[in-house]
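Numbering (my numbering), first residue to last: 2 to 93. We put the beta carbon where it would ideally sit given N, CA and C, even for glycine.
Written out as structure tokens, the structure is:
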């Protein structure tokens, strides 16, 4: 579980760093709103995981992973979102 928490923490840092870049320099090409939503979902997923709600955490990251695949360029941190969602899914 600790490695999953670490992965979520690292993902959160990567998303926040991506958000500080001008949109034209973002690897993901994601909008401010999309990145803000991603940060919110990763934060809530971590909170749910710490609270013992693995299913809720998986649901949040699965939703985010689908959004990322549909609308972001597949580059870090987008591929990290998908990897975290897959890792959490395996905890079910």
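Go ahead and label residue 51 buried or exposed: buried means 16 or more other beta carbons lie within 10 angstroms of its beta carbon, across all protein chains shown.
Residue 51 is exposed by the Cβ-count criterion.
Mapping the DSSP letters down to three states, classify residue 91 as helix, strand or coil.
The DSSP-derived three-state label of residue 91 is coil.
Out of 90, 39, 57, state which residue places its alpha-carbon closest to the alpha-carbon of residue 10.
Comparing Cα-Cα distances from residue 10 to each of 90, 39, 57, the minimum goes to 39.
Measuring CB to CB, does residue 32 end up less than 9 Å from residue 42?
Their beta carbons are not under 9 Å apart, which means residue 32 does not touch residue 42 by this criterion.
Whole-number beta carbon distance between residue 45 and residue 65, since they are thought to touch under 8 Å
The C-beta distance from residue 65 to residue 45 rounds to 10 Å, too long to fall under 8 Å, and the pair is not in contact.
Backbone secondary structure at residue 47 - three-state DSSP:
Three-state result, residue 47: helix.
Does DSSP classify residue 76 as helix, strand or coil?
In the three-state reduction of the DSSP assignment, residue 76 falls in the coil class, being assigned neither a helical nor a strand state.
Contact set for residue 17: own chain, Cβ-Cβ below 8 Å, skip 5 residues either direction:
Short of 8 Å from the beta carbon of residue 17, and not among the five residues preceding or following it, lie these beta carbons of its own chain, in chain order: 40.
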